[in-house]
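One gets the working numbering by counting positions in the sequence shown from 1 and adding 35 to each.
One structure is given here, and the rest of the page talks about it.
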Amino acid sequence: MGAWKEIMPTDIIMPQMGESIVEGTITKWLKKPGDKVQRDEPLFEISTDKVDAEIPAPASGVLQEIKVSEGTTVGVNTVVGTISADGEGAAKPAPAAAAPKPAAAEEKEVAKPAPAPATAKTAPAKPAPAQESADEEARSSPLVRKIAREHGVALSQISGTGLGGRITKQDILSFIENQSSTAATPSAAAAQPSATAAQSAPASRPAAPPAPAPYPGDLVPMSNMRKLIAKHMIESRRTSAHVHCMYEVDFTRIVNLRARQKNGFEQRHGVRLTFMPFFVRAAIIALQQWPIINATIEGENIRYHRQINVGIAVALDWGLIVPVLKNAGDLNFLGLQRGITDLGERARHKKLKPEDVEGSTFTVTNPGQFGAVFGLPIINQPNSAIMGVGGITKMPLVVTDDDGSDSIAIRSVVHLTLGYDHRLIDGAVADQFMAQVKKNLENWNEEVG
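Structural data, given as structure tokens:
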């Protein structure tokens, strides 16, 4: 007679969201005890001192017990609940919560999509044996070529975002993911799922109702994100000797360039052409000429960073976050646009990871998107400078032609502000840096792809 083996429930643990994270606060459970859950389905939300995140279920089954209630802070690796297989054991209610805190910014960490199965791929076109093969090798790494071979992808189909059009690992992974999505769409529309398949598929989580707006006179607790923003802003004001300078830029050339190329750019690359990569690229060129703007004070020393990591401030409904475009100086224009779009979308859809908001050396913020003429931004520590982008407006300017004659013309104008730490950066250096940014924008001559 075979021995009976008890199936133990699966523990749900508080994950460690980054090396320096030691605890997290459960802000919301997305399931109740007794609810069925699928592996990797969002199960609960946490808030840490880096980012907020949606945590997926570690196994399929039934949520048997919630051990840690909403609003409670516990250390990493703490068991916060259990999942039973096939619903063994009675579901236990969640412990009573003592004054649960409102959920802060949400974030969802998702696994990278699995590569498309071999049967779903179309046969790749054979590259020309000699010259094309040499060109592809010259603009890609051995890892990229290995991935291309495994997935039957011709590198000539991919627009590289590295310097000189070099194809990066992210480029080929994005290309494969887009191919998989495109291939799956028609087949999914044509297929009629069986009743069994429909029942086994996890039910989509309904959108949470919006939190009621506070009434005048209400006293409401700050969210974790709001408390962290307040802490960081006060620390920055206390740390850095803030000074600001502002420059008026004739942005007409770029406005006209974008108007001509935005449709074709999106068709070719599958991403919208925005104004932000123009500002970031102009700043990167100037940072390479004035590396002190990209430096950091460490005690009584100055750290000159090898890389330019640009923080891009993103305004969310629940606060502000600054994801970081790493090694931005190594990207071409297309790479900048793709990186900026990716960070913004992941910030708004709660998919950022802790490493995505760390390591910036220079920050760009864009109050102009809401109509501000300019702003006086607070430095994002430990950076030494932050560039604010104002709104793009049409106004009359005095224009001098090649013969030296002046006239008044309607031009597209933007005001840029540099907030800088006067402990490290002198006013003359800040002005020279911004004059270079202005020159880069007004005399733009780079291809946008």
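Glycine is no exception: its CB is placed at the ideal position from the N, C-alpha and C atoms.
Distance CB(residue i)-CB(residue j) smaller than 8 angstroms
i: Trp479; j: Phe313; result: yes
i: Gly370; j: Gly403; result: no
i: Leu322; j: Phe397; result: yes
i: Val483; j: Phe310; result: no
i: Ser419; j: Asn344; result: no
i: Ser76; j: Pro91; result: Going by the sequence as given, residue 76 is Glu instead of Ser. Closer than 8 angstroms, so yes.
i: Met52; j: Val97; result: no
i: Ile47; j: Gly106; result: no
i: Val399; j: Met422; result: yes
i: Glu301; j: Arg307; result: yes
i: Ile118; j: Pro68; result: no
i: Val259; j: Ser104; result: Note that residue 259 is Asn in the sequence shown here, rather than Val. Going by C-beta atoms, Asn259 is not nearer than 8 angstroms to Ser104.
i: Asn415; j: Gly334; result: no
i: Val349; j: Ala382; result: yes
i: Asn475; j: Ile320; result: yes
i: Ile207; j: Ile193; result: yes
i: Gly197; j: Asp365; result: yes
i: Val72; j: Lys66; result: yes
i: Ile413; j: Ser271; result: yes
i: Pro417; j: Thr331; result: yes
i: Ala470; j: Tyr455; result: no
i: Ser447; j: Lys473; result: no
i: Leu462; j: Val278; result: Looking at the sequence provided, one finds Gly at residue 462 rather than Leu. For Gly462 and Val278, yes; Cβs fall inside 8 angstroms.
i: Gln99; j: Pro44; result: yes
i: Ile202; j: Ala120; result: no
i: His457; j: Ala276; result: yes
Limits of the beta strand (DSSP E) - the one that residue i falls within
i: Leu453; result: 441-456
i: Phe79; result: 77-82
i: Arg338; result: 336-338
i: Gln99; result: 96-101
i: Glu390; result: No beta strand (DSSP E) holds Glu390; DSSP gives it neither H nor E.
i: Ser119; result: 114-119
i: Thr196; result: Run containing Thr196: none; DSSP gives neither H nor E here.
i: Met430; result: 428-435
i: Ile421; result: 420-424
i: Val188; result: Per DSSP, Val188 belongs to no beta strand (DSSP E) and is neither H nor E.
i: Val408; result: Here Val408 belongs to no beta strand (DSSP E), and DSSP marks it neither H nor E.
Secondary structure of residue i, DSSP reduced to three states
i: Met52; result: coil
i: Arg303; result: helix
i: Gly59; result: strand
i: Phe310; result: coil
i: Ile544; result: The structure shown does not extend to residue 544, since the chain spans only 36 to 484, so no value can be given for it.
i: Cys280; result: strand
i: Val472; result: helix
i: Pro162; result: Because the pLDDT of Pro162 is 44, which lies under 50, any placement of that residue in the model is unreliable, and the question is left without a value.
i: Ile328; result: helix
i: Ala88; result: strand
i: Pro150; result: In this predicted model, Pro150 has a pLDDT of only 43, less than 50, meaning its place in the structure is not dependable; the value taken from the coordinates is given anyway. Coil, per DSSP.
i: Met257; result: coil
i: Phe397; result: strand
i: Gly462; result: helix
i: Ile413; result: coil
i: Gln467; result: helix
i: Glu482; result: coil
i: Pro68; result: coil
i: Val485; result: Because the chain here runs from 36 to 484, residue 485 falls outside it and cannot be looked at.
i: Ser275; result: coil
i: Thr157; result: Confidence in Thr157 is poor, its pLDDT being 42 and thus under 50, which makes the residue's placement too unreliable to answer from.
i: Asp438; result: coil
i: Ser104; result: coil
i: Ala133; result: Reliability fails at Ala133, whose pLDDT of 47 lies under 50, so the model's placement of it is uncertain and no value is given.
Span of the alpha helix (DSSP H) around residue i
i: Pro43; result: The amino acid occupying residue 43 in the given sequence is Met; Pro does not appear at that position. Looking at the DSSP string, Met43 is not in any alpha helix (DSSP H), and its letter there is neither H nor E.
heavy atom of the ligand NAD below 7 angstroms from residue i C-beta
i: Ser258; result: With respect to small molecules bound, the structure shown includes none, and the ligand NAD cannot be examined in it.
CB contact below 8 angstroms: residue i versus chain B
i: Ile264; result: No chain B is part of this structure, which consists of one protein chain only.
Threshold first: 3 residues or longer. Then list the beta strand (DSSP E) segments lying entirely within the stretch 343-374, N to C.
Those beta strand (DSSP E) runs which fall completely within the stretch 343-374 and span 3+ residues are 345-347, 349-351, 354-356.
Decide yes or no for the touch test of the stretch 431-448 against the stretch 394-407: beta carbon pairs closer than 8 angstroms, at least 3 of them.
In short, these stretches do not touch, since the Cβ pair count stays below three.
contact_flag[the stretch 354-365, the stretch 289-299] where n(CB pairs < 8 angstroms) is 3 or more:
As far as the Cβ criterion goes, the stretch 354-365 does not touch the stretch 289-299, which means the pair count is below three.
Within 8 angstroms, do at least three Cβ pairs link the stretch 374-393 to the stretch 274-287?
The stretch 274-287, when compared against the stretch 374-393, does not touch it at the 8 angstroms Cβ threshold.
Counting pairs of Cβ atoms below 8 angstroms between the stretch 99-112 and the stretch 44-64, do you hit three or more?
Proximity of the stretch 99-112 to the stretch 44-64 meets the contact definition, three or more beta-carbon pairs being nearer than 8 angstroms.
Below 8 angstroms, can you find three or more Cβ-Cβ pairs linking the stretch 291-302 to the stretch 381-389?
They do not touch, by the three-pair rule.
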